[in-house]
Each structure stands twice: as C-alpha cells, then as structure tokens.
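Asks: Residue numbers (the working numbering): 144 to 392.
This is how it looks when you write it as structure tokens:
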C-alpha cells in the first residue's frame, strides 16, 4: 500500500463527535483532525466508537482499494489512533512502534509507509510535549522520506517543518534555522509555484513565519523580514484570491 504524508498543525479532541469521521481538508500528517457531525454530542472517551470505514483516509492511501500486506498494520494503526484520541500518548507510541516494525518488514525500511509511521510517532510525542523525542522521530522520517520520495519532495519538506518546529520549541535556534531553511527551500520553492496543493502553500507560509521568528531570535532582522515578505506574497497570490485551477478548502 502506498501512503502520502499530510500535515495537521493542531488536533482538538474537544471538536470530536461521538461517532468520529474525517475532515479530509484538515488531514495533513499524523493523527487527522476530526469534524463534528451535525446533531451529535461533544466529547470522546474510551467507550466511543471510531469510524474507520474509509481506511484510505486514515492511512492516506493512494489506492483506495489497497489493503495492507500484514493485517497487523491495521490493528496497530487503529490502536495507536484510538489511544491518541484518548490522550494516552504512551499507549499510542507503543502501538505506533509496532506499526513501524510491521511497516519496515512489509514495505522496507526506506518506504513511504515507514516515513508515515515515524510522522505518527513524532506527532504523538509532540502532543505529549516530549519535544526531544518528537524531533528524533521526525528527523528519522526526513531521512526515510528523502530516500523513498526524494530530498525535494513535498512530504520531505513537511517533515523538515516538523523538525524545525521541535527545535523552535526547544529554543535550539541554530538547528531550528537550518531545519526551517530546508523546509521552505522545498515547500516555498518557485518550481512548485501556483498549484492545486493549497495545503502545501499554507504550510509554506507557516514555515516561513517560523523561520522569520527564529532569525529574529538570532538577531538577523533583515533575513527575518525577507521570509515574512515571501510569506505575504504567497498569502496574496495563492491563499486569499480565487484562482483558476486552485483547490481552496
């Protein structure tokens, strides 16, 4: 099964409904954001049912008819996601480690599926505010994605952004600046230009603004202003004005 990485900047468990479903517009990477169903109640606990009927959204599969090579892939993925929703991040990490192991055996250590598992592990630790551990998982994801998809691939860029955000949290300014540069060099590259991937354009503005903040922390106001200018141009050209061929969420 081939997977794609997406980025979810924030996950709000309070917005989940009793019967959860996926809002694909907000699915980026890691645990997908959920949208509230009309007429349903709020809150989510261990007794609530999760709707995994559309597995292709959960694992972001390219082929909606694809099935895992190992049935344990589904078991570990669902267990990890359920624990994540319940705030049991230790249990989620354990399940996702098992998913990682199965994915490595089924698809190879340098596969998109393995990069995706590292992204899940990183997001789990990030939600648990274990930023050092999250950074390590995201960095492994970068390494695998670089081999599986390419060093300049959008998925690799999004994982670089994750690494940068963890260094930002940890106030590792030098490392954060380097990681942000790697992220924006991919996400905001001219060759990627106007595109239907509106989510990536939005991600690029976030990375540019984060990069600017780190440069300011390092005393590089000129560099920071340049990144903010790039972000503003993207917002003006791609995110605020309807254009033909652009998908707006």
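Quick reminder that beta carbons are idealized off the backbone N, C-alpha and C, glycines included.
What is the DSSP secondary structure of residue 233, reduced to helix, strand or coil?
Replies: helix
Asks: Less than 8 Å between the CB atoms is what I'm expecting for residue 350 and residue 381, so what's the real figure, rounded?
Replies: The pair is not a contact, with the Cβ atoms about 14 Å apart (cut-off 8 Å).
Asks: Where does residue 252 fall in DSSP's three states?
Replies: coil
Asks: Is there contact between the segment 326-333 and the segment 356-369, where contact requires at least three CB pairs shorter than 8 Å?
Replies: no
Asks: Determine contact between the segment 235-250 and the segment 208-221, defined as no fewer than three beta-carbon pairs at a distance below 8 Å.
Replies: Cβ pair count under 8 Å is three or more, so yes.
Asks: Using DSSP with H/G/I as helix, E/B as strand and the rest coil, what is residue 273?
Replies: coil
Asks: Please state the DSSP three-state secondary structure of residue 284.
Replies: The three-state secondary structure of residue 284, taken from DSSP, is helix.
Asks: Identify which residue in 274, 367 and 213 has its Cα closest to the Cα of residue 314.
Replies: 274
Asks: Using DSSP with H/G/I as helix, E/B as strand and the rest coil, what is residue 359?
Replies: helix
Asks: Compute the distance between the beta-carbons of residue 264 and residue 280, then report whether it is under 8 Å.
Replies: Closer than 8 Å, so yes.
Asks: May I have the straight-line CA-CA distance separating residue 320 from residue 307, to the nearest angstrom?
Replies: CA-CA distance, residue 320 to residue 307, rounds to 7 Å.
Asks: Who are the Cβ neighbours of residue 326 in its own chain at under 6 Å, not counting the five residues just before and after it?
Replies: 300, 303, 304, 307 and 350
Asks: Any idea if residue 255 is buried or exposed, counting beta-carbon neighbours within 10 angstroms, 16 or more meaning buried?
Replies: Burial state of residue 255 is buried, judged by a 10 Å Cβ sphere holding 16 or more other Cβ atoms.
Asks: Rounded to whole angstroms, what is the Cα-Cα separation between residue 411 and residue 376?
Replies: No statement about residue 411 is possible, as the shown extent of the chain runs from 144 to 392 and does not include it.
Asks: Is residue 375 helix, strand or coil by DSSP?
Replies: In the structure shown, residue 375 sits in a helix (DSSP, three-state: H, G or I).
Asks: Given a threshold of 16 other Cβ atoms within 10 Å of its Cβ, counted over all protein chains shown, does residue 214 qualify as buried or as exposed?
Replies: exposed
Asks: Suppose contacts are defined by Cβ-Cβ distances below 8 Å. Is residue 245 in contact with residue 286 by that definition?
Replies: With a cutoff of 8 Å on beta-carbon distance, residue 245 and residue 286 are scored as not near each other.
Asks: Three-state secondary structure (DSSP) at residue 426?
Replies: Nothing in the structure corresponds to residue 426, since the chain is present only between 144 and 392.
Asks: Between residue 311 and residue 363, what straight-line distance do the alpha-carbon atoms span, to the nearest angstrom?
Replies: C-alpha separation (whole angstroms): 16 Å.
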